[in-house]
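Chains as they are written, first to last, in the working numbering: chain A, 126 to 251; chain B, 35 to 164. Built from N, CA and C at the ideal position, the CB exists for glycine as well.
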């Protein structure tokens, strides 16, 4: 016996109502992180001993600035999704869980906004 | 209502099972992910210092360049590489490959060897390009 409604089948979102979106976005950002975080690590290695002026000039390069911005978007999306899973797995009290899920989103967006603004400011000033 | 579920028997938890490589790598993947989550504070501090000015940048450079700072950044690098290698395994599994038991065990062991090696190599490269 099939208990699902025709509409439910067409939407294909399941009981969580968001289908495979979380899973897919986690994998998408995992793949983009492979490239972007490698770029970030290379940048850090190349500038581990640089003066302030040198680092600023490097981050003023449009391609570097855009890559850095993408690093932040990809990383903060990925880490928000990951921490959400950890909270959902281990926190069983409904109220505490909802509060932690909110804090997770707030933290990820705050970190993302701070990093993005810093990258943009440095990039625009040159 | 909540009371009815309180005394239900629980399935065995982690401490019941023998720690095998795939289990250890799964746990490590979670812990490194959680650590990297908070490690972004260090990235944010560094970027904000650059956007703020030379004084802020020099302060962060001095702290990150200190012995303890380097130790933390070394751990950060390891967590990043370990999580990256663990993530590659997950992508492989997502594509439907690598589920054979002995292969999965070997691969789990390999990540625990490869991650520290790659981390040390990255730091050697970091010091040699100065």
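>> Could you check whether residue 145 of chain B and residue 59 of chain B sit closer than 7 Å to each other, using their CB atoms as the reference points?
In response: Translated into the one-based positions of the second chain, residue 59 of chain B becomes position 25. Translated into the one-based positions of the second chain, residue 145 of chain B becomes position 111. Yes; because the gap between Cβ atoms is below 7 Å, this pair is in contact.
> Can you name the residues of chain B whose CB is closer than 8 Å to the CB of residue 181 of chain A?
Replying inline: Residue numbering aside, residue 181 of chain A sits at position 56 when the first chain is read from its first letter. The answer, in chain order, is 84.
> chain B partners of residue 247 of chain A, CB-CB under 9 Å?
Replying inline: For the purposes of this step, residue 247 of chain A is taken as residue 122 along the first chain, with counting starting at 1. Simply 81, 84, 85.
>> Nearest by alpha-carbon distance to residue 94 of chain B: which of B:80, B:142, B:56 is it?
In response: As a position in the second chain, residue 94 of chain B is number 60, starting the count at 1. Of the candidates B:80, B:142, B:56, the one whose C-alpha sits nearest the C-alpha of residue 94 of chain B is B:80.
> Taking Cβ positions only, does residue 174 of chain A come closer than 7 Å to chain B?
Replying inline: Taking the first residue of the first chain as position 1, residue 174 of chain A is located at position 49. It does: the Cβ of residue 174 of chain A has a partner Cβ on chain B nearer than 7 Å.
>> Short of 8 Å in beta carbon distance, which residues of its chain neighbour residue 104 of chain B, apart from the five on each side in sequence? Order them along the chain.
In response: Your numbering for residue 104 of chain B matches position 70 in the second chain. Excluding the 5 residues flanking it on each side, residue 104 of chain B has same chain C-beta neighbours closer than 8 Å at 98, in chain order.
> How would you list, in chain order, the residues of chain A whose beta-carbon sits under 7 Å from the beta-carbon of residue 78 of chain B?
Replying inline: Stepping through the second chain from its first residue, residue 78 of chain B is reached at position 44. Within 7 Å Cβ-Cβ: 236, 239, 240.
>> Does any residue of chain A have a CB that is nearer than 7 Å to the CB of residue 88 of chain B?
In response: If you number the second chain from 1, residue 88 of chain B lands on position 54. With 7 Å as the cut-off, residue 88 of chain B counts as an interface residue toward chain A.
>> In chain order, what are the residue ranges of uninterrupted alpha helix (DSSP H) at least 4 long that sit wholly in the region 142-174 of chain A?
In response: Runs of the alpha helix (DSSP H) lying entirely within the region 142-174 of chain A and spanning at least 4 residues, in chain order: 146-171.
> Which one of B:90, B:117, B:125, B:149 has the shortest CA to CA distance from residue 71 of chain B?
Replying inline: As a working mapping, residue 71 of chain B is identified with position 37 in the second chain. With distances taken between Cα atoms, residue 71 of chain B lies closest to B:117.
>> For a test of the three-state rule: what should DSSP assign to residue 129 of chain A, helix, strand or coil?
In response: One-based indexing of the first chain puts residue 129 of chain A at position 4. Three-state DSSP puts residue 129 of chain A in coil, outside helix and strand.
>> Taking the beta carbon of residue 248 of chain A as the centre, do at least 16 other beta carbons fall within 10 Å, making it buried, or is it exposed?
In response: Position 123 of the first chain, counting from 1, holds the residue named residue 248 of chain A. It counts as buried.
> Just how far apart, CA to CA, sit residue 129 of chain B and residue 55 of chain B?
Replying inline: Position 95 of the second chain, counting from 1, holds the residue named residue 129 of chain B. Position 21 of the second chain, counting from 1, holds the residue named residue 55 of chain B. If I take the Cα positions, the gap works out to 21 Å.
> residue 2 of chain B by DSSP, collapsed to three states: which one?
Replying inline: In the structure as shown, chain B begins at 35 and stops at 164. Residue 2 of chain B is therefore absent and cannot be evaluated.
> Going by the beta-carbon positions, is the gap between residue 126 of chain B and residue 132 of chain B smaller than 7 Å?
Replying inline: If you number the second chain from 1, residue 126 of chain B lands on position 92. If you number the second chain from 1, residue 132 of chain B lands on position 98. Yes, the Cβ-Cβ distance between residue 126 of chain B and residue 132 of chain B is below 7 Å.
> Which whole-angstrom value is the C-beta distance of residue 230 of chain A and residue 154 of chain A, which I expect to be below 8 Å?
Replying inline: As a working note, residue 230 of chain A is residue 105 in the first chain. As a working note, residue 154 of chain A is residue 29 in the first chain. The beta carbons of residue 230 of chain A and residue 154 of chain A sit about 15 Å from each other, so the pair does not count as a contact at 8 Å.
> What does a CB cutoff of less than 6 Å around residue 162 of chain A pick up in its chain, not counting 5 residues either side in sequence?
Replying inline: Taking the first residue of the first chain as position 1, residue 162 of chain A is located at position 37. Correct list: empty, nothing qualifies.
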